[in-house]
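Trainee: Residue numbering for the sequence shown follows our numbering, beginning at 9 and increasing consecutively.
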Amino acid sequence: MVTGLTQFEFNEEGQGLFSEMHELGFLPDEYTLGSVLRGCAGLRTLCAGRQVHAYVIKCGFEFNLVVGSSLAHMYMKSGSLVEGEKVITSMPIRSVVAWNTIIAGKAQNGHLEGVLDQYNLMKIAGFRPDKVTFVSVISSCAELATLGQGQQIHAEAIKAGACTVVAVISSLISMYSRCGCLEDSLKAFMESEVGDAVMWSSMISAYGFHGRGEDAIKLFEEMKQEELEANDVTFLSLLYACSHCGLKDKGLGFFNSMIEKYGLHPKLEHYTCVVDLLGRSGCLEEAEAMIRSMPVKADAIIWKTLLSACKIHKNADMARRIADEVIRQDPQDSASYVLLSNIHALARRWHDVSEMRKMMRDRKVKKEPGISWLEIKNQVHQFCIGDKSYPQSREIDLYLKELTSELKLHGYVPDIGSVLHDMDNEEKEYNLAHHSEKLAIAFALMNTPEGAPVRVMKNLRVCTDCHVAIKYISLIKNREIIVRDASRFHHFKDGKCSCGDYW
9 MVTGLTQFEF NEEGQGLFSE MHELGFLPDE YTLGSVLRGC AGLRTLCAGR
59 QVHAYVIKCG FEFNLVVGSS LAHMYMKSGS LVEGEKVITS MPIRSVVAWN
109 TIIAGKAQNG HLEGVLDQYN LMKIAGFRPD KVTFVSVISS CAELATLGQG
159 QQIHAEAIKA GACTVVAVIS SLISMYSRCG CLEDSLKAFM ESEVGDAVMW
209 SSMISAYGFH GRGEDAIKLF EEMKQEELEA NDVTFLSLLY ACSHCGLKDK
259 GLGFFNSMIE KYGLHPKLEH YTCVVDLLGR SGCLEEAEAM IRSMPVKADA
309 IIWKTLLSAC KIHKNADMAR RIADEVIRQD PQDSASYVLL SNIHALARRW
359 HDVSEMRKMM RDRKVKKEPG ISWLEIKNQV HQFCIGDKSY PQSREIDLYL
409 KELTSELKLH GYVPDIGSVL HDMDNEEKEY NLAHHSEKLA IAFALMNTPE
459 GAPVRVMKNL RVCTDCHVAI KYISLIKNRE IIVRDASRFH HFKDGKCSCG
509 DYW
């Protein structure tokens, strides 16, 4: 009963039944304790989990493989990676399950490089990765956007016979998509002889992430013909695709269909997508009304989404009101301060910009720096404006100077208005030329064969000037340049971008 309740995520009821079992004098076995610990992991109740850990030691199960793996999983799922690792390292022997637990734990807690390290150690120790291992490792490659390593692990998954597993295929679709290789995502999808709603949703999401909204909708129609039941993840992917392609009416239609036809209850993420959809389309008042009337509690992210739309449509009055909502919920999040400061700067309200900066200093809020990275020959190179420690620093500066002159001859005009500081024009141009994505692209152009595609990842949204400049670079250098920013992919080719300047 304890196991059954936990499997169906009735975790509190499972915990209650375990307590009753203990009171009646029944001693648990390894499977009871494993289930109880999974229930604690589901509830993310670290305090209760530690109590069960003490009970595990008392019962003499601390070195049991099943219990030890469940115990480590509980700690890691609850955010305590160090305690989870201690449990694994204290086990006299390790199983594949134990290795998978620590790999998945590192992935869940954002220690992505550590995932790849553990994967290599697992193989060195003589253990064969299974489907669970590959899902975690491939997903980490997706987040890191390390295409070379992802391709290598894909080959190892094929060799291990894991590429017939739907979860592994879904991870591959996501990995190739997030590394900028949409065609490889589609290939993984098309070659699969099995499939479920999750795998189809992964491909719909991949299309949306790359700005292929119509293809995402077409695939959804095919999914219905296959009689696969769409779930809330499917609709989230569809709404995302519509919001990034300006398909307002279709997006709203899917949102209504989700509720009325499929009987699904929208989560906060669905409402955030609809607010983004309305905001990008210029329906700011309608978007705000939705936030204030929705049945779930608004968080800082949904307000920040609307604040970003205020910047796009230069609505300073609404922006101030919305920024207050964001700052009230998350006073240490720098994005809302920066967005509002940007809106003031665009209107040349330098006094208001100074006030925002002062507020950030007073509250000790630090702006997240723009960072771009790319992978060349299985090595990741990272770039940040003002950082001179990156390889070939001096050569890149000279290359960018020559490249900017060449761009200007073809009609490029630096958008100095997007430099949100009160400085002279020459300083603004230098600042623009050294944005992290331009540094990364220059490095790639200098160190890859002519005609080879360039893939760059960035942690923040690509600025307007960089977007224009990269279009010119793709034309002049005859290169396809693929940039993943904080919200989507941009495919630059022949002087055009796949987003159609709608991002």
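Using N, Cα and C, we set each Cβ at its ideal position, and we do this for glycine too.
Please list, in chain order, all residues of the same chain as L3 whose beta carbon is under 7 angstroms from its beta carbon, the five residues on each side excluded.
Mentor: Past the edges of the chain, shown from 9 to 511, lies residue 3, and the structure says nothing about it.
Trainee: Following the continuous beta strand (DSSP E) through Q390, name the residue where it begins and the one where it ends.
Mentor: Taken as a continuous stretch (DSSP letters only), the beta strand (DSSP E) holding Q390 covers Q387 to C392.
Trainee: Residue range of the alpha helix (DSSP H) that F262 falls in?
Mentor: K256 to E268 is the span of the alpha helix (DSSP H), which, as asked, contains F262.
Trainee: When the distance is taken between beta carbons, is V470 closer than 9 angstroms to E445?
Mentor: Yes; because the gap between Cβ atoms is below 9 angstroms, this pair is in contact.
Trainee: Identify the continuous beta strand (DSSP E) that holds W381 and give its terminal residues.
Mentor: Note, W381: beta strand (DSSP E), I379 to I384.
Trainee: Is it the case that the Cβ atoms of V304 and Y279 are separated by a distance below 9 angstroms?
Mentor: Cβ distance < 9 angstroms, so V304 and Y279 count as in contact.
Trainee: Take R402 as the anchor and find which of L354, S380, F451 and D423 has the nearest alpha-carbon.
Mentor: Answer by Cα proximity: F451.
Trainee: Kindly indicate the opening and closing residues of the alpha helix (DSSP H) around A217.
Mentor: In the sequence under discussion, the amino acid at residue 217 is Phe, which differs from the Ala named in the question. Counting along the chain, the alpha helix (DSSP H) containing F217 begins and ends at A205 to F217.
Trainee: Does DSSP classify R365 as helix, strand or coil?
Mentor: Note: R365 maps to helix in three-state DSSP.
Trainee: Going by beta carbon distance, what residues of the same chain come within less than 7 angstroms of S148, once the five residues before and after it are set aside?
Mentor: Closer than 7 angstroms at Cβ, skipping near neighbours: A115, L120, V123 and L124.
Trainee: Between the region 281-297 and the region 307-318, do at least 3 Cβ pairs fall closer than 8 angstroms?
Mentor: With the cut-off at 8 angstroms, the region 281-297 and the region 307-318 touch.
Trainee: Look at the Cβ atom of I481, then the Cβ atom of L406, and state whether they are nearer than 9 angstroms.
Mentor: Contact flag unset, no.
Trainee: Say whether the region 196-215 touches the region 174-187, bearing in mind that this needs 3 or more beta-carbon pairs closer than 8 angstroms, one atom from each stretch.
Mentor: Touching, per the Cβ criterion.
Trainee: Report the three-state DSSP secondary structure of K319 (helix, strand or coil).
Mentor: Residue state, collapsed to three classes: helix.
Trainee: Would you call the region 129-145 in contact with the region 96-116, where contact means no fewer than 3 C-beta pairs closer than 8 angstroms?
Mentor: Touching, per the Cβ criterion.
Trainee: Start and end of the beta strand (DSSP E) containing I110?
Mentor: Run containing I110: none in the beta strand (DSSP E); it sits in the alpha helix (DSSP H), V104 to Q116.
Trainee: I need the DSSP call for R463, collapsed to helix, strand or coil.
Mentor: DSSP places R463 in strand when its eight states are reduced to three.
Trainee: Alpha carbon to alpha carbon, how far is K319 from C505?
Mentor: Going from the Cα of K319 to the Cα of C505 covers about 21 angstroms.
Trainee: Kindly indicate which three-state DSSP category K372 falls into: helix, strand or coil?
Mentor: The answer is coil: DSSP assigns K372 none of H, G, I, E or B.
Trainee: Could you give the DSSP three-state label for C513: helix, strand or coil?
Mentor: Absent from the model: residue 513. The displayed extent of the chain is 9 to 511, so no value can be given.
Trainee: How do the region 189-206 and the region 173-181 stand: do at least 3 beta-carbon pairs fall below 8 angstroms, yes or no?
Mentor: At 8 angstroms Cβ cutoff, the stretches touch.
Trainee: If you follow the beta strand (DSSP E) that I490 is in, where does it begin and where does it stop?
Mentor: I489 to R492 is the extent of the beta strand (DSSP E) around I490.
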